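Protein sequences, first through last, are from chains A and B.
Note that the first sequence ends on residue 808 in this note's numbering; no numbers are left out.
Note that the second sequence ends on residue 232 in this note's numbering; no numbers are left out.
Glycine included, every Cβ here is placed at the ideal spot set by N, Cα and C.
Since this is a predicted model, take the numbers as computed values, not measurements.
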Amino acid sequence: MSTTEAKAAYIGSPVKRREDETLLTGRGTYVDNMAPTGTAHMVVVRSPYAHARVTRIDLDAARKAEGVVAAFSATDLQEDWKAAMPCAWPVTEEMRNPAHYPLTDVARYQGDGVAVVLAESRAQAKDAAELVEIDWEPLVAVVDVGAALDEGAPLAHPDLGTNECYVWRLDTDATGQPIEDAEVVVTRTYYQPRLIPNAIEPRAVLAVPGPSDDVTLYAATQVPHLLRLLAAATLGLSETKVRVVAPDVGGGFGSKLDVYAEDLLAIALARRLDRPVKWTEERSENYLATIHGRDFVTEYTFGATKDGTITHLRARVKAAMGAYLQLVTPGIPLLGAWIYAGPYAIPNYSVEFTGVFTNTTPTDAYRGAGRPEATYVIERTMDALADELEIDRLELRRKNFIKEFPHTLSSGLTVDSGDYEASLDKLLELLDLDAVRSEQAKRRESGAAKQLGVGFSTYHEMCGLAPSRILGAIRYAAGGWEQATIRYLPTGSVQVISGTSPHGQGHETSWAQIVADRLGCDIDVVEVLHGDTSISHAGLDTYGSRSLPVGGVALTFAADKVIEKARQIVAHQLEVAADDLEFADGTFRVKGSPDKEMTLAATAWAAFAAHDLPDGMEPGLEGTAVYDPPNFSWPGGAHAAVVEVDIETGDARLLRYVAVDDVGTVVNPLIVEGQVHGGVTQGISTALYEEGTYDDEGNMQTANLVTYLVPSAAELPSFELARTESPSPTNPLGVKGVGETGTIAAAPAVINAVLDALSHLGVKDIQMPATPERVWRAIQEAKA
Amino acid sequence: MRQVALTVNGMRHELELEPRELLVYVLRDRLKLTGTNVGCDTSSCGACTVLVDGESVKSCTVLGVQADGAEITTIEGLAANGSLHPVQQAFHDHHALQCGYCTPGMVMAAVSLIEHGEATSEAAIREGLEGNLCRCTGYHNIVAAVQDAAGAMGRAR
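Shown next, in the form of structure tokens:
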């Protein structure tokens with residue numbers, strides 16, 4: 025049988041997004057734009073304390089306030105929950121997972137919900153929420169992840185008797201030689217601040233009860249399918265009675281990859297009250313009530329020979345869980361567990377994670393999830409080791425790069441493809457390192473106030489979540505496949521239904537490119553549907569840079585099923601053997617008789633009319649494929665930052681950012697570059713600006729956009745991007761995923777650059793973010 | 076309640092407003108012009124930027140009653156005769172939006188910046204858009220789009 029030839033007219037070309045016009049003209053369908061008649065607006069009353077017991081709660085005054093529909097405490101709703109809030113990733117058998125419910129009478133973090141008020145308008149609900157009377161018994165809070173396991177530390181959950189959630193290890197003692205015996209041992213400890221994802225659209229949900237005991241939840245979510253499944257399970261409803269719709273969603277970055285209290289409250293209360301219930305998060309509320317990222321303390325060690333061959337690594341990580349385990353909280357460190365050697369071949373591998381409860385907002389997936397945390401400590405320590413060995417920082421990286429592919433890592437997974445030297449070479453071409461170094465030398469000599477530094481980060485990462493068997497082996501509750509359906513309609517349009525759920529990534533455009541190439545049709549006849557469980561009934565949604573390498577690849581298999589069915593129909597109608605048909609550019613042609621042909625579009629009509637199909641064939645031209653990837657995908661690359669540091673004020677400013685990434689085959693370069701821009705910005709911002717902090721009592725000190733710095737255009741330069749391309753041999757598209765590469769690579773490059781700018785002053789360490797105060801203090805301490 | 080008259084996208088509305096109602100909620104909830112988004116509660120993000128008498132204004136910083144008598148343009152009023160405004164077109168051409176949530180405010184701020192003749196360089200555009208936050212694009216393509224649109228609008232004058 026001849027193979028399917030795709031002409032690749034669209035893949036690789038910068039097709040402008042079909043999503044744009046709606047969004048540019050103010051016609052987006054974000055959840056907060058919806059308000060069906062009779063909607064009750066919900067406001068959550070939250071704990072002002074990080075750890076406190078409700079000793080009395082009185083909702084009477086709130087219930088009597090103007091416009092109020094109802095008000096409920098935790099006790100009032102306890103019967104509504106058939107299970108506790110879900111955590112899908114019990115990473116060890118012994119993992120501690122204290123039950124939590126959408127409302128509580130013992131608050132474990134500032135912002136934990138204790139009551140809800142519903143009213144005819146949001147303003148009335150807010151006014152009435154002020155009238156809820158609560159007596160609190162404050163309890164001692166534990167806040168600092170680094171100190172929470174110390175003897176005598178306060179306990180986030182006193183009945184557990186410990187703040188330890190779990191300990192998880194991955195040791196591959198390849199040579200039997202302990203790390204202490206390595207010729208050179210370099211150990212550093214790093215704190216990676218708590219980050220607030222800050223999707224510009226806050227979370228929002230609207231639950232609309234239906235006439236047959238059903239409910240539709242419109243949600244600003246990345247995961248409509250997971251949300252349907254878990255909402256049904258938590259509320260004790262049949263999955264058939266819950267429809268989840270993710271309309272236009274205004275960014276996620278992991279923060280909308282969850283099942284939240286408000287999702288469940290909205291459904292439960294819409295059913296109780298038999299009217300639509302809507303909740304829209306306020307930004308300041310988002311800082312308390314939506315998951316955070318990072319908050320890791322990591323001690324990282326390299327063992328190496330004197331000539332710079334790295335023989336060992338050891339990572340000891342304390343990872344903050346926050347007060348409770350959300351959907352995948354405990355698994356976040358594990359998403360980086362296999363890449364603590366970076367893109368380097370290091371035989372002795374030892375990683376240990378300790379999950380730690382604190383009285384803080386739960387952590388969970390934030391862009392990169394586990395891999396930025398790994399890459400940061402690797403790339404910082406790589407520079408430290410180079411300095412210790414007095415070897416050039418890039419030479420040390422080159423010497424230890426994985427050079428042959430496929431390569432089985434000492435951690436056990438296999439990297440299918442890559443070319444790290446090619447990325448680094450291209451980076452250096454773009455950077456003009458000699459010119460940068462010469463300018464740096466000039467400024468050092470003249471004692472300029474503004475010193476220059478250049479920092480590097482070479483990385484690889486594992487994304488494309490994920491082979492279901494591996495997920496099972498590491499105790500994740502679900503699989504990692506993705507589903508796609510392609511329907512060739514009788515009049516020649518093509519309907520594509522994907523289980524992915526975009527929130528800015530432009531899947532409607534990229535998926536149309538893939539399908540149009542595969543089927544040989546015009547891109548404009550392809551419609552892409554997603555994000556509604558009544559249309560896309562199966563899928564595993566969008567996170568972990570999985571959409572293209574799993575969901576995009578599923579499209580190709582669905583297209584192949586359409587083509588193969590059509591081939592049987594064409595063979596039957598043209599009275600030739602199926603093997604004698606060639607398919608290209610949307611048309612079947614008989615080998616050797618090129619005038620005998622039939623288009624796929626014509627075949628779609630024939631399949632619909634069903635007048636003359638092969639015996640026993642079902643009418644219709646539709647293919648559904650479920651793709652379970654056999655491996656993760658492995659993007660990699662090399663990034664460089666050039667910073668200017670004012671040594672009088674400590675102000676560090678990014679002058680240039682150069683990134684060379686290998687994300688395999690590129691479907692839409694416009695979208696890929698956009699993903700890198702955004703990803704890199706979040707990594708830069710991690711290095712220079714963002715830090716969520718609590719005081720000792722667990723009061724969040726950075727609970728709004730005024731005190732938590734999300735950078736504006738004025739803080740950033742334009743970026744210089746290039747790509748190398750080693751297509752993944754794991755999937756037929758050769759794609760790898762791009763959503764998180766920038767965030768993974770950028771933070772260490774920027775901090776390494778800041779340190780490089782100050783190295784002549786004796787500064788050896790600055791913790792993130794490198795705020796003017798931290799930089800200034802580091803300079804003063806080095807002087808002293 | 077206060078009697079207020081607003082002209083929004085060329086259409087006059089007479090409304091009875093509570094004095095505490097913010098302009099952004101007047102637009103969204105009363106006039107159902109939901110193109111103007113709300114991204115924060117501290118006047119930091121700029122998602123709600125509209126033009127009030129030709130000036131770029133964060134509509135969460137203004138009370139509805141303060142806008143009495145004003146001419147307001149929102150994102151819905153920008154495209155004319157079925158074709159995109161040059162700034163909207165440039166955002167499309169340069170992939171200057173991803174999730175689209177900050178986009179209406181960003182576009183309105185850019186329109187104002189260009190119309191005031193302040194989009195004169197990359198640095199000026201970056202400074203001029205300082206009050207509008209985007210979490211998706213890293214601003215790279217937004218800046219390119221505004222530069223492009225400034226050129227197109229300059230040529231059209």
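Neighbouring residues, chain A, relative to Ala122/B (Cβ below 8 Å): Residues of chain A passing the Cβ test: Ile224.
Cβ shell of Lys31/A (< 8 Å), same chain only, five flanking positions each side left out: Low per-residue confidence applies at Lys31/A: pLDDT is 48, beneath 50, and the placement is therefore not dependable enough to give any value.
contact_flag[the region 443-456 of chain A, the region 744-756 of chain A] where n(CB pairs < 8 Å) is 3 or more: Between the region 443-456 of chain A and the region 744-756 of chain A there are three or more inter-stretch CB-CB distances shorter than 8 Å, so the stretches are counted as touching.
Coil, strand or helix - Ala199/B by DSSP: The three-state secondary structure of Ala199/B, taken from DSSP, is helix.
Stretch-stretch touch, CB-based, cutoff 8 Å, three pairs: the region 485-496 of chain A with the region 566-577 of chain A: Because the criterion of three Cβ pairs below 8 Å is met, the region 485-496 of chain A and the region 566-577 of chain A touch.
C-alpha distance - Arg54/B paired with Val594/A, whole-angstrom precision: The structure shown does not extend to residue 54/B, since chain B spans only 76 to 232, so no value can be given for it.
Interface partners of Thr212/B on chain A, CB under 7 Å: Correct list: Gly698, His701, Gly702.
Contacting positions in the region 179-202 of chain B - beta carbon closer than 8 Å to chain A: Along the region 179-202 of chain B, the positions whose C-beta sits under 8 Å from a C-beta of chain A are Pro179, Val182, Glu197, Ile200, Arg201, Glu202, read in chain order.
Inter-residue Cα distance where the pair is Met66/A and Ala256/A: Each residue's Cα considered, the two are about 21 Å apart.
DSSP state of Asp548/A mapped onto helix, strand, coil: Of the three classes helix, strand and coil, the one that applies to Asp548/A here is helix, per DSSP.
Where the alpha helix (DSSP H) through Leu251/A begins and ends: In the DSSP annotation of this structure, the continuous segment of the alpha helix (DSSP H) that includes Leu251/A starts and ends at 248-259.
Pairwise C-alpha distance: Tyr214/B and Ala171/B: Answer to the nearest angstrom: the Cα atoms are 8 Å apart.
Minimum Cβ-Cβ distance from Ser26/A to chain B less than 8 Å: Confidence in Ser26/A is poor, its pLDDT being 36 and thus under 50, which makes the residue's placement unreliable; the coordinate value appears in the next sentence. No, Ser26/A lies away from the interface with chain B (no Cβ there is under 8 Å from its Cβ).
Three-state secondary structure (DSSP) of Ala131/A: Ala131/A falls in the strand class under three-state DSSP.
Residue environment, Ala222/A, which counts as buried when at least 16 other CB atoms sit within 10 Å: This sequence places Asn at residue 222/A; Ala is not what is there. With a 10 Å radius around the Cβ and a threshold of 16 neighbouring Cβ atoms, Asn222/A comes out buried.
Cβ distance (whole Å) where Tyr324/A is taken to contact Thr399/A below 8 Å: The distance from the Cβ of Tyr324/A to that of Thr399/A is about 11 Å, inconsistent with a contact at the 8 Å cut-off.
Heavy atom of the ligand ADP within 7 Å of Ala231/A beta-carbon: No copy of the ligand ADP appears in this structure; indeed no ligand is present at all.
Cβ-based burial, Ser522/A [other Cβ within 10 Å; buried from 16]: Buried is the call here.
Residues near Arg77/A by beta carbon distance below 6 Å, same chain, minus five either side: These residues qualify, in order along the chain: Val130, Glu161.
Buried or exposed by the 16-neighbour rule on C-beta atoms within 10 Å, applied to Met641/A: Looking at its Cβ environment, which holds fewer than 16 other Cβ atoms inside 10 Å, Met641/A is exposed.
Which listed residue (Pro126/A, Arg511/A, Val55/A) has its alpha carbon closest to that of Val552/A: Ranking the options by Cα distance to Val552/A, first place goes to Arg511/A.
Proximity test, Cβ basis, 8 Å: Gly176/A and chain B: When Cβ-Cβ separations below 8 Å define contact, Gly176/A makes no contact with chain B.
Beta-carbon contacts of Ala625/A that lie in its chain and below 6 Å, excluding the five residues immediately before and after: For Ala625/A, where only same-chain residues beyond five positions count, the Cβ hits under 6 Å are Gly516.
Under 7 Å from the C-beta of Ser97/A: neighbouring residues of chain B: Annotation: Ser97/A has no Cβ neighbours in chain B at a cutoff of 7 Å; minimum Cβ distance is about 25 Å.
Cutoff 8 Å: Leu159/B Cβ touching any chain A Cβ: So yes, Leu159/B belongs to the interface.
C-alpha gap between Ala497/A and Gly575/A, whole angstroms: Approximately 22 Å between the Cα atoms of the pair.
Nearest-angstrom Cα separation, counted from Asp548/A out to Thr27/A: Per-residue confidence for Thr27/A stands at a pLDDT of 38, beneath the threshold of 50, marking its modelled position as unreliable; no derived number is given.
Within 8 Å, strictly: CB atoms of Gln222/B and Glu197/B: A contact, by the Cβ cut-off of 8 Å.
In DSSP terms, what Glu668/A is bridged to: Glu668/A is bridged to Leu476/A, Arg677/A.
Local conformation of Trp362/A per DSSP, three classes: Trp362/A: helix per DSSP, three-state reduction.
Proximity below 8 Å, CB of Val439/A to CB of His484/A: In contact: Val439/A and His484/A (Cβ atoms closer than 8 Å).
Contact set between Ala154/B and chain A, taken where Cβ atoms lie within less than 7 Å: Residues of chain A passing the Cβ test: Thr49.
Cβ-Cβ separation, Cys111/A to Leu351/A (assumed contact under 8 Å), whole Å: Distance from Leu351/A to Cys111/A at the Cβ level is roughly 6 Å; contact confirmed, criterion being Cβ atoms closer than 8 Å.
Interface flag, Asn723/A vs chain B, CB-CB below 8 Å: Among the residues facing chain B, Asn723/A is not included, as its CB has no counterpart in that chain under 8 Å away.
Unbroken beta strand (DSSP E) run spanning Trp192/A, endpoints: Segment 188-196, the beta strand (DSSP E) holding Trp192/A.
Runs of beta strand (DSSP E) wholly within the region 697-773 of chain A (minimum 3 residues, chain order): Here the runs fully enclosed are 744-747.
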